[in-house]
Each structure stands twice: as C-alpha cells, then as structure tokens.
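In this note's numbering, the protein residues as written are 1080 to 1432.
C-beta: ideal position from N, C-alpha, C; glycine also.
All values reported here derive from a predicted model rather than from experimental measurement.
What follows is one structure encoded as structure tokens, with my remarks underneath.
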C-alpha cells in the first residue's frame, strides 16, 4: 500500500501546484490520474494551446506550463500513480483514508485532495449523420498538435473561446481557416472576438455566422463540408476542406468520485470556501475546477490560490497541535526532502536619507 501525507486525485496544474505548496510545509504528496502522463487537459487535450492568464507569463503554451510545474515540484519528489482511475474511498478506524484505483492499487493518507479538474469528459458532438465515419480521418474534437494543420484547409465550428482562439492561432499556419457559428454573437472573450473579426476583414479567416455545418463529404478522408445558412435566401455553401474541428465544449462527468458521499451541485463538489475548501467529509478537500461555491471562477490561477490555502489547513490535520511558522520563499528559499535547497537571492535594501 502506498502511504503519503496528502493524496491528490488529479495531476493537472492545480494538483501539481499543490505538491509545491505542501512541500513548503514539509508534507509529502502522491498523485493519482487516469491519464498516462501528468498535466491533465493541458497535456492531453491542448498542449500547444497558448494560455494568457497565468501571472508573469503574457503567453505560455499549456504543455510548457506543465513542464514548468513539474520542474518546480521536482525538489519535493512526489509519487505518481498514472493511467489508473481513483475508484473507491474508505475511511479507516484511525481516521485515515484508503483510495483504491480501478486496477486495485491502494493508497493511504490522512488527507485526500480532489483536484480532478472537470473530471472525466467527452466532447459534445454536432448532430451530423455521418460524422463518426470521418473521426480520425479529418474530423477532430480537440487540437493536440496544430502543426498537422499547417498549409491545410480547416473548418472550425463553435462560438466560445476555444473556437475563437484556435481560429486565430491556425490563421497564421493553415492555408485557409473558416469559422462557423450559429449566431451572430460570440461567447468568447471580447479581445478574441475583436481579433477574429479583424482577421476576417483581412481575409485570413472566412467567417460564417448564423450558419451550421450540416453535411460532410469525402471518400477515404474528409474533402468538404456543407454549411447551411439560417437565411433561406443564402441556402447552403459547399466548402472544400482537409479538416473539420467542431469545438462545442466537453461534457464533464465526475465518474466514481460522484459516489463517494460528497455533496454535489451541478456536477461539481461543494466546498467551504470561507475557510479551507474542505468538502462535507472532514479530511477530504476539493480544489480547482472540480469544486463549486458562490463566486467560483474556473481559472487555473484560482486553483493555485485554493491549493495554497488548503495546504495550510491540511497541515493542521496531519500535525494536530503543531504550529508551523510560514516563511516566504524569497527569504528562506525552497528546500526539498532530499536536503537540496534553492537559495533565495539576497536583496540589499538601502535607506535614503
């Protein structure tokens, strides 16, 4: 049985950063994730997608963010159980928890932290009769490597941030990008809407609003789509393409975690955000996109904040009655469990008379 101080369910950005915050408190972490590598959606779904709201990084690729987080937590030597799904949660007489995976691997810890992002998920597919025939043959629901679309014709459908962001990004490398949305108004960030509109004026994006992709054509590979316009006078538009990427979001599911007796609201775990992000089960916390509370913002940086606060309270559970004196890393540096230490830079402060 694997034993640790804090058992983290989910190895996405929030789960990884939890290792760092716990490490500063001299707490050992082990992470479980159903994916074969750390990073969550950032690694599995959009490693090459730029992220713009990470402090101090005007722009960073999702995959690079994961790489940096792994480097940041390296001194604390976390354990990983990858490619296995957390299946059951049991509480022992001594108050500790045992989490068993679908492959039978058991983990024991006094604190369990659920940082599973949106949980397990499936893409929302448009109701096109033969769309399944073209999956892996021109139809994709996520963009893992944008390079495969270099110098290709691409049709993207959707009205949210992902559809806008990828249209903007691929406009620089694809030979032709068409963006199809069933409404005139987009749901994405205003800045992205303005960028896409400007690229449309420049002819780098072909914009089809109040329209939907209704038919797919091709033999061994996708060759064209048919766009049906809401305005009957416009009828249908036949567009030759090498790829069709419908980006209508993901349908999240909590999976087995939903059967652990946690208080669930709209497919998310309710937590006490006024204090410590603990669930209705003492000793079990939920942080990141998987939790919900009044005013919740589903942002990576919100998950980072929740991880930092949660670890302070987890320390008290693991070390009852023991007081920990917090030291800023700019003063004390970062010391790993192997004794290695990254020294903080000394700052010289001069007083001006």
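Whether residue i touches residue j by CB criterion (7 Å)
i	j	result
residue 1272	residue 1253	no
residue 1335	residue 1166	yes
residue 1160	residue 1184	yes
residue 1250	residue 1278	yes
residue 1190	residue 1382	no
residue 1389	residue 1355	yes
residue 1135	residue 1125	no
residue 1358	residue 1348	yes
residue 1098	residue 1155	yes
residue 1305	residue 1317	yes
residue 1085	residue 1393	yes
residue 1403	residue 1104	yes
residue 1083	residue 1107	yes
residue 1181	residue 1164	yes
Own chain, CB closer than 8 Å to residue i, minus 5 neighbours either side, in chain order
i	result
residue 1089	1110, 1111, 1112, 1119, 1193, 1194, 1195, 1196, 1367 and 1369
residue 1204	1210, 1220, 1325 and 1327
residue 1281	none
residue 1378	1132
Pick from the options that is closest to residue i, judged by C-alpha positions
i	options	result
residue 1397	1281, 1175 and 1182	1175
residue 1208	1325, 1293 and 1400	1293
residue 1275	1238, 1360, 1306 and 1325	1238
residue 1289	1314, 1399, 1182 and 1268	1314
residue 1162	1115, 1147, 1170 and 1393	1115
residue 1046	1327, 1187 and 1320	Outside the displayed span of the chain (1080 to 1432) sits residue 1046, for which this structure offers no information.
residue 1380	1082, 1096, 1080 and 1332	1096
residue 1123	1224, 1299 and 1385	1224
residue 1346	1372, 1353, 1352 and 1309	1372
residue 1171	1269, 1186, 1128 and 1399	1186
residue 1214	1128, 1081 and 1298	1298
residue 1177	1081, 1158 and 1202	1081
residue 1117	1130, 1157 and 1131	1157
residue 1353	1333, 1377 and 1385	1385
residue 1226	1248, 1212 and 1206	1248
residue 1131	1270, 1168 and 1400	1270
Beta bridge counterpart(s) of residue i as assigned by DSSP
i	result
residue 1232	1255
residue 1371	1349
residue 1273	Paired residues: none, contrary to the question.
residue 1357	1351 and 1364
residue 1287	1259
residue 1082	1187
residue 1379	Paired residue(s): none; residue 1379 is not in a bridge.
residue 1397	DSSP output for residue 1397 lists no bridge partner at all.
residue 1077	Nothing about residue 1077 can be reported from this structure: the residues present for the chain run from 1080 to 1432 only.
residue 1129	1140
Close beta carbons around residue i, own chain, < 6 Å, minus the five adjacent residues each side
i	result
residue 1133	1139
residue 1302	1296
residue 1267	1239, 1240 and 1243
residue 1291	1261 and 1307
residue 1102	1155
residue 1236	1259, 1292 and 1325
residue 1128	1141
residue 1169	1177
residue 1424	Legend: pLDDT at residue 1424 = 42, less than 50; position of this residue unreliable, value from coordinates given subsequently. Once the five neighbours on either side are set aside, residue 1424 has no close Cβ partner at all.
residue 1401	none
Cut-off 7 Å between Cβ atoms - residues of its own chain near residue i, not counting five sequence neighbours on either side
i	result
residue 1387	1100
residue 1284	1246, 1250, 1256, 1258, 1275 and 1278
residue 1151	1099
residue 1264	none
residue 1300	1216 and 1217
residue 1426	Bear in mind that a pLDDT of 37 at residue 1426, under 50, signals an unreliable position, so the number given afterwards is only what the model happens to contain. Excluding sequence neighbours, residue 1426 sits near nothing in its chain.
residue 1309	1289 and 1290
residue 1148	1092, 1095 and 1096
residue 1360	1340 and 1341
Minimum Cβ-Cβ distance from residue i to chain D less than 7 Å
i	result
residue 1381	The structure shown contains no chain D; it is built from a single protein chain.
(Q) Quick check for students: name the residue ranges of the beta strand (DSSP E) that lie wholly in the segment 1136-1219, counting only runs of 3 or more. (A) 1158-1161, 1165-1170, 1176-1180, 1185-1188, 1190-1193 and 1199-1202
**Q.** Runs of alpha helix (DSSP H) wholly within the segment 1093-1123 (minimum 4 residues, chain order)
**A.** Whole alpha helix (DSSP H) segments, 4+ residues: 1120-1123.
**Q.** Segments of 3+ residues assigned as beta strand (DSSP E) that fall wholly inside the segment 1289-1350
**A.** 1290-1297, 1301-1308, 1315-1319, 1322-1325, 1329-1332 and 1347-1349
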